[in-house]
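This report refers to the structure that appears directly beneath it.
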Amino acid sequence: MATSYGGFLHSDAPNPMILFFLHCFIILLLLQLHVRSSYPSVTLSHSLLTVLHTPTPGIPWLQTDRAPENAPLILTSFPIMGLPLLVEKIHLLLNLKNAEIEEKMNALREEQKATLDWIEAENKETLEGLRRDAEAKEHELAE
1 MATSYGGFLH SDAPNPMILF FLHCFIILLL LQLHVRSSYP SVTLSHSLLT VLHTPTPGIP
61 WLQTDRAPEN APLILTSFPI MGLPLLVEKI HLLLNLKNAE IEEKMNALRE EQKATLDWIE
121 AENKETLEGL RRDAEAKEHE LAE
């Protein structure tokens with residue numbers, strides 16, 4: 001929510017759904033790094049020599065197949081490596097989070113039931129005490 005001076009108000013506790021999706025995003029990034037690490041890598045060294053690369057002039061009679069610059073990006077044109085593994089890992093992560101949430105909900109239900117039982121017992125004791133006091137006062141007034 002924006003304030004009058006242009007800043008933003010933040011809640012004290014972060015939203016658990018945001019944290020969950022952030023966690024998933026980080027896992028996705030790590031999985032992508034893991035998948036990419038299987039490719040051969042190029043080692044860069046810090047040297048004082050700088051190699052100047054001049055681009056070779058294009059061959060005028062050779063036409064390259066080029067898509068128009070405003071063509072839509074089609075994701076199927078990129079190789080997707082390890083997508084089933086990634087989907088499976090995300091599915092397992094979601095199942096794990098679901099189990100954690102259900103466990104917390106069950107614990108909260110048990111705690112709520114115990115608290116309600118305690119409140120009910122306290123109220124019964126208080127009510128019994130008030131009834132005894134009322135009966136004693138009625139008995140005194142009757143005499």
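Just so you know, we're using UniProt numbering here: the sequence shown kicks off at 1 and counts up by one.
C-beta atoms are modelled at their ideal positions from N, C-alpha and C, and glycine is treated no differently.
Closest Cα partner of residue i within the set the options
i: G82; options: L29, K104, A114; result: L29
i: L22; options: E88, L93, L85, A136; result: L93
Backbone CA spacing between residue i and residue j [nearest angstrom]
i: H91; j: N98; result: 10 Å
i: N15; j: D117; result: 31 Å
i: K113; j: K137; result: 36 Å
i: E143; j: A134; result: 14 Å
i: M1; j: E110; result: Note on M1: pLDDT 49, under 50, position unreliable in the model; the coordinate value appears next. If you take the alpha carbons of M1 and E110, they lie about 36 Å apart.
i: I27; j: F20; result: 11 Å
i: S38; j: E103; result: No answer about S38 holds up, because its pLDDT of 48 lies below 50 and its placement is not dependable.
i: E120; j: L108; result: 18 Å
i: L85; j: M105; result: 30 Å
i: I18; j: E122; result: 40 Å
i: E100; j: C24; result: 15 Å
i: T126; j: L96; result: 45 Å
Simplified DSSP assignment, three categories, for residue i
i: N15; result: coil
i: G129; result: helix
i: E143; result: coil
i: L49; result: Bear in mind that the predicted position of L49 carries a pLDDT of just 46, short of 50, making it unreliable; the figure below should be weighed with that in mind. In this structure, L49 counts as coil in the three-state DSSP scheme.
i: M1; result: For M1, the predicted model reports a pLDDT of 49, less than 50, meaning its position is unreliable and no value from the coordinates is stated.
Any chain B beta carbon closer than 7 Å to residue i
i: I27; result: In summary, chain B is missing from the structure at hand, where a single protein chain is found.
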